[in-house]
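Counting from 40, one number per residue, gives the positions in the sequence shown under my numbering.
Backbone N, C-alpha and C fix where the C-beta goes; we use that ideal spot for every residue, glycine too.
Small disclaimer: the values here were computed from a predicted structure and weren't measured.
Following: one structure in structure tokens, then a few remarks.
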Amino acid sequence: MDPKPDITPEGAAVDATGTWHEGHASYPGRPAGLPLETGVLPPPRGAGMGRQESAEAVVAGPNGEGLNMKCRTENGLSMVGQDAENGAENPRAETWSSGRKPRAQASVASSPTAGLSPSRPEADERLMEMILSRENMMAAYHRVVRKKGAPGIDEMTVEQLKPHLTEQWPRIREELLAGRYRPAPVRGVEIPKPGGKGMRQLGIPTVLDRLIQQAMHQVLMPIFDPDFSDSSYGFRPGRSAHDAVRAARSHVAGGRRFVVDLDLEKFFDRVNHDVLMARVARKVKDKRVLRLIRRYLQAGLMTGGVETARSEGTPQGGPLSPLLSNILLDDLDKELERRGHAFCRYADDCNVYVRSQRAGERIMASLTRFLAERLKLKVNGDKSAVDRPWNRTFLGYTMSAHKVPRLWIEHKSVARLRDKLRAFFRAGRGRALAATIKDLTPILRGWIAYFRLTDGKGVLEELDRWVRRRLRCILWRQWKRPCTRFMRLMQRGLTEQRARDGASNGRGPWWNAGASHMSDAFRNAFFNKLGLISLQNELRRLNHAS
40 MDPKPDITPE GAAVDATGTW HEGHASYPGR PAGLPLETGV LPPPRGAGMG
90 RQESAEAVVA GPNGEGLNMK CRTENGLSMV GQDAENGAEN PRAETWSSGR
140 KPRAQASVAS SPTAGLSPSR PEADERLMEM ILSRENMMAA YHRVVRKKGA
190 PGIDEMTVEQ LKPHLTEQWP RIREELLAGR YRPAPVRGVE IPKPGGKGMR
240 QLGIPTVLDR LIQQAMHQVL MPIFDPDFSD SSYGFRPGRS AHDAVRAARS
290 HVAGGRRFVV DLDLEKFFDR VNHDVLMARV ARKVKDKRVL RLIRRYLQAG
340 LMTGGVETAR SEGTPQGGPL SPLLSNILLD DLDKELERRG HAFCRYADDC
390 NVYVRSQRAG ERIMASLTRF LAERLKLKVN GDKSAVDRPW NRTFLGYTMS
440 AHKVPRLWIE HKSVARLRDK LRAFFRAGRG RALAATIKDL TPILRGWIAY
490 FRLTDGKGVL EELDRWVRRR LRCILWRQWK RPCTRFMRLM QRGLTEQRAR
540 DGASNGRGPW WNAGASHMSD AFRNAFFNKL GLISLQNELR RLNHAS
């Protein structure tokens with residue numbers, strides 16, 4: 040697949056919490072360019088992946104917090120929705136007001152949405168009411184505010200959302216219930232693809248539209264997710280990229296020593312709206328919801344002040360996009376299951392594991408036809424291949440040819456981390472070293488939390504040495520003058536002659552950062568005291584904790 044969340048950049052990027060993103064759909068392990076609502080990966084089964092609300096990510100968390108979290112009514116922000124007993128609409132308009140005392144926490148059992156099961160006909164007919172229920176909207180609001188994210192075309196920030204809702208929510212809610220609401224165009228932003236191979240188009244919805252999409256996501260996810268394939272891992276509650284990588288290794292260990300690596304050409308740009316909506320309509324009967332989803336798909340793309348209409352594709356950047364992509368590609372999953380194939384799919388990354396090259400080529404040809412005829416999607420022939428698994432990469436990992444394969448970090452993932460850190464260190468040349476290390480820590484922790492499955496320790500040892508050398512390079516640059524360098528080296532315990540020779544050698548900062556006078560003056564213990572983490576030690580800690 041076109042290397043992704045980096046579900047942020049997949050340039051590569053790690054957000055303030057350390058979440059690592061890559062490619063079409065943000066997920067840890069692939070870089071991402073913007074801290075979008077769509078960048079969060081669900082935790083692995085049983086435990087958090089060793090990440091902070093973090094780790095490389097695009098996109099609202101697939102596990103949301105909607106119907107599963109207790110809803111708070113905070114001082115200064117409240118909503119009045121349906122009656123919890125009978126599901127009828129409360130005569131009072133739902134409002135976002137100020138000065139009201141906080142209510143007691145309401146559990147899901149007392150939620151308006153709890154009274155209607157999405158599988159029942161009355162729920163189908165009143166799905167919009169479930170979406171706009173007070174508990175669901177408050178959960179969506181808190182998630183959008185917590186995730187922050189870039190403004191849309193109206194330049195409204197998440198901090199400005201509350202006063203806007205206080206004034207405008209009754210009108211917005213009425214338009215949604217009546218089926219008259221029209222989303223704003225998305226703001227087009229281009230970010231570099233990994234490896235510098237062209238640009239990727241993102242569509243940033245307004246904060247208000249992110250709120251509405253998140254509320255829809257929280258209600259639609261429990262309707263669709265239970266019927267998704269067990270071999271689908273992307274943007275689903277309780278599933279993660281780690282689960283997908285483990286399953287892939289298990290298939291290879293079971294004797295399937297060939298992989299059909301499918302790359303869908305410009306998947307998010309070529310989603311056929313009619314094909315997608317037909318699949319959504321299989322379970323969603325509320326025409327208002329169907330109409331709103333189609334309007335989000337068709338919302339214009341605003342680039343350079345010019346709005347472009349869209350007849351296909353779903354923009355990367357909205358909370359609803361990951362769920363819609365899973366709904367569309369579920370047909371592919373079901374076809375693979377019907378044929379009895381072993382496969383792993385994470386968003387638009389799909390690998391099918393087979394026992395021979397010939398079988399793989401046959402499957403590649405038949406799946407190419409299936410995707411073109413059934414889903415109107417095109418397989419990228421240049422990037423797709425039938426090959427040995429150890430010659431391909433999956434979600435930032437590759438594997439060895441052992442009978443029970445070992446997992447390695449893909450060299451491109453290491454290169455993306457180095458590129459990210461180079462930019463980070465350049466920006467930190469004038470800062471105190473302790474402050475630089477403090478901001479560096481979540482980046483390193485997020486990265487190794489994603490790549491904690493690796494069996495290769497050598498690359499981590501090399502990265503640890505490289506990071507320390509970069510920090511020594513910052514110190515050397517900050518000292519500037521030979522006399523300052525001489526005094527600093529003396530203060531660190533070097534002899535006068537050695538300090539003088541080191542300070543006046545005429546070599547560049549990078550050479551000196553790796554020379555013995557700097558290595559002896561600033562040993563590993565010096566950086567440890569400042570809080571620098573070792574990737575090797577952090578990996579041991581994560582594996583011990585799990």
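- For the region 334 to 368, the continuous beta strand (DSSP E) assignments of 3+ residues that do not extend past its boundaries occur at 340 to 342, 345 to 347, in sequence order.
- Under the 8 Å Cβ criterion, the region 446 to 456 does not count as touching the region 317 to 334, having fewer than three qualifying pairs.
- Put simply, of Pro209, Lys187, Thr196, Arg384 the residue whose alpha carbon is nearest the alpha carbon of leucine 171 is Pro209.
- Boundaries of the alpha helix (DSSP H) around glutamine 536: 535 to 542.
- With a cut-off of 8 Å on Cβ pairs, the region 275 to 286 is in contact with the region 376 to 392, counting three or more such pairs.
- DSSP, read as helix, strand or coil, puts leucine 416 in coil.
- Here tryptophan 550 is exposed, its C-beta having fewer than 16 other C-beta atoms within 10 Å.
- Residue pairing by DSSP places arginine 226 opposite Ile243, Met341 in a beta bridge.
- About 18 Å separates the beta carbons of phenylalanine 433 and asparagine 365, which is beyond the 8 Å limit, so they are not a contact pair.
- Counting only runs that start and end inside the region 289 to 337, the beta strand (DSSP E) elements of at least 3 residues fall at 297 to 302.
- Taking C-alpha positions only, glycine 343 is separated from arginine 185 by approximately 29 Å.
- For leucine 514, the closest C-alpha among the options Ile332, Asp478, Arg465 is that of Arg465.
- Under the rule that a run must span 4 or more residues, the alpha helix (DSSP H) segments found entirely inside the region 477 to 545 read 497 to 518, 521 to 530, 535 to 542.
- Exclusion of the five residues before and after arginine 511 leaves Ala552, Met557, Phe561 as the residues of its chain whose Cβ lies within less than 6 Å of its Cβ.
- Under the 10 Å beta carbon count, alanine 217 is surrounded by fewer than 16 other beta carbons and is classified as exposed.
- Of the candidates Leu362, Trp429, Lys187, Arg309, the residue whose Cα lies closest to the Cα of arginine 445 is Trp429.
- In this structure, phenylalanine 409 lies away from isoleucine 448, with their beta-carbon atoms at least 8 Å apart.
- Annotation for proline 354: Val225, Gly242 place their beta carbon closer than 6 Å to its own, counting only its chain and skipping 5 residues before and after.
- By the 16-neighbour rule on beta-carbons within 10 angstroms, aspartate 248 is buried.
- Counting along the chain, the unbroken alpha helix (DSSP H) around phenylalanine 565 starts and ends at 563 to 568.
- Contact annotation: the region 477 to 486 touches the region 561 to 572, with at least three C-beta pairs closer than 8 Å.
- Each residue's CA atom was taken as its position, placing valine 393 and asparagine 576 some 37 Å apart.
- Secondary structure at threonine 437: strand, using DSSP grouped into helix, strand and coil.
- The residue among Lys373, Thr205, Val345 with its C-alpha nearest the C-alpha of serine 270 is Lys373.
- Assignment of tyrosine 180 by DSSP, reduced to helix, strand and coil, places it in the helix class.
- Rounded to the nearest whole angstrom, the CA to CA distance from valine 425 to lysine 417 is 17 Å.
- Collapsing the DSSP output to three states places methionine 238 in a strand.
- Under the 10 Å beta carbon count, proline 265 is surrounded by fewer than 16 other beta carbons and is classified as exposed.
- In this structure, the beta-carbon distance from histidine 441 to alanine 381 does not fall below 8 Å.
- At least 8 Å separates the beta-carbon of methionine 195 from that of valine 258.
- Aspartate 370 is bridged by DSSP to nothing; it lacks a bridge partner.
- Cβ contact annotation for serine 543 (same chain, cutoff 7 Å, sequence separation greater than five): Pro521, in chain order.
- Closest in alpha carbon position to arginine 427, among Met255, Gln207, Arg295, Met167, is Arg295.
- Under the DSSP assignment, phenylalanine 464 falls in the alpha helix (DSSP H) whose first and last residues are 450 to 466.
- A direct Cα-Cα distance of roughly 55 Å separates glutamine 517 from phenylalanine 267.
- Below 8 Å, enough C-beta pairs join the region 397 to 414 and the region 296 to 306 to call them touching: three or more.
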